[in-house]
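In this text, residue positions in the sequence shown follow the UniProt record's numbering: the first is 1, and each later residue adds one.
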Amino acid sequence: MISIKSLSKNYNDNEVLKDINLSFNPGEIHGIVGENGAGKTTLFKAIAGIESFEGVIGYSKGNLKNVMGFLQTDPYFLSKITGKEYLRLLCKARSQKEIAISEKNIFDLPLDQYAETYSTGMQKKLALTGILMQKNDVYILDEPFNGVDIHSNTIINQILLKLKELNKIIILSSHIFSTLYDTCDYLHYLKNGSILRSADKSEFQTIEKEMQGAGIQYKIDKLNLK
């Protein structure tokens, strides 16, 4: 289990995260939703250990960083590294034995090309493939469906359900509510750095309506469309 207690984050006088308290259990898929700038990516980076914070993040099985795969919104790739070399690098980082990489290429990526030449969607699929090959226990996925084609979205959905079946901990964000309905067990609505509401599947629609009503009509009226 991952337990987050009283997590806060400030950038100078700007309080980005405010007293976050959450817990994530194995075999559950949790979605973090909110508008751009709500603090989702900062929260993910704090859990991943690459962002400082106040508060406590505990993991019941030891060092979280050693068993976690973090898919960032815009994955970073070293210059002049091929897709195949990137996957080998990530496997070695988790002491995974040499495996038949071509057999794991479920997204049919051009693995002999430099990863930096890939499209945004291809880079995201390469990064996702890498953390899956690491056989992590925890997966943090920041906008895994963004910029990815429909067929690949379907594959990612099925991957998430398989990870749940394998008793992994999965935390993700998405602006596409249909994918959240399909995969998540719980949603947490983050607004202005605070968790306004957490809900199980039976109450997802409440969160969706709450987000849709958060000033959207006012913004549309300002356009004075005719």
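Note that CB positions come from ideal geometry on N, CA and C, so glycine has one too. All values derive from a computational prediction rather than experimental measurement.
Here isoleucine 50 is exposed, its C-beta having fewer than 16 other C-beta atoms within 10 Å. Gly39 is the residue among Gly34, His30, Gly39, Lys5 whose C-alpha sits nearest the C-alpha of glutamate 15. Measuring C-alpha to C-alpha distances from isoleucine 176 to each of Val148, Gly55, Asn21 identifies Val148 as the nearest. Look at phenylalanine 107 here: in three-state DSSP terms it is coil, with no helix or strand label.
In the three-state DSSP reduction, glutamate 54 falls in the strand class (E or B). In this structure, Ala127 is the residue among Lys80, Tyr189, Ala127 with its C-alpha nearest to the C-alpha of isoleucine 106. DSSP, reduced to helix, strand and coil, places phenylalanine 44 within a helical segment of the structure shown.
Arginine 197 and threonine 82 have their C-alpha atoms roughly 43 Å apart.
Contact check for leucine 160 against isoleucine 150 fails: the beta carbons are separated by 8 Å or more. Contact between the region 66–86 and the region 10–28 is absent, with fewer than three C-beta pairs closer than 8 Å. Within the region 109–145, the beta strand (DSSP E) runs of at least 3 residues that lie entirely inside it are, in chain order, 138–142.
Apart from sequence neighbours up to five positions away, the residues of its chain that approach leucine 22 with a beta-carbon distance below 6 Å are Ile4, ordered along the chain. Judged by DSSP in its simplified three-state form, lysine 5 adopts strand.
Here isoleucine 220 is exposed. Its C-beta has fewer than 16 other C-beta atoms within 10 Å. By the Cβ neighbour-count rule, lysine 124 is buried, with 16 or more other Cβ atoms within 10 Å of its own. Taking all protein chains in view, the Cβ of serine 178 is surrounded by fewer than 16 other Cβ atoms within 10 Å, so the residue is classified as exposed.
Only residues of its own chain outside the window of five on either side were considered, and among them Gly31, Val33, Glu143, Pro144, Phe145, Asn146, Leu180 have a CB closer than 8 Å to the CB of serine 174, listed in chain order.
Measuring C-alpha to C-alpha distances from lysine 97 to each of Lys135, Thr206, Lys191 identifies Lys135 as the nearest. Residue nearest to tyrosine 76 within the set Ser119, Thr42, Gly58, Lys92 is Ser119 (criterion: CA-CA distance). Contact check for phenylalanine 204 against isoleucine 140 fails: the beta carbons are separated by 8 Å or more. Taking C-beta separations shorter than 6 Å and ignoring five residues to either side along the sequence, the partners of tyrosine 186 in its chain run His30, Asp200, following chain order. Under the DSSP assignment, lysine 209 falls in the alpha helix (DSSP H) whose first and last residues are 204–212.
The beta carbon of glutamate 28 sits closer than 6 Å to those of Asp185, all from its chain and outside the five residues before and after it, given in chain order. The alpha carbon of lysine 61 has as its nearest neighbour, out of Ala93, Ile2, His188, the alpha carbon of Ile2.
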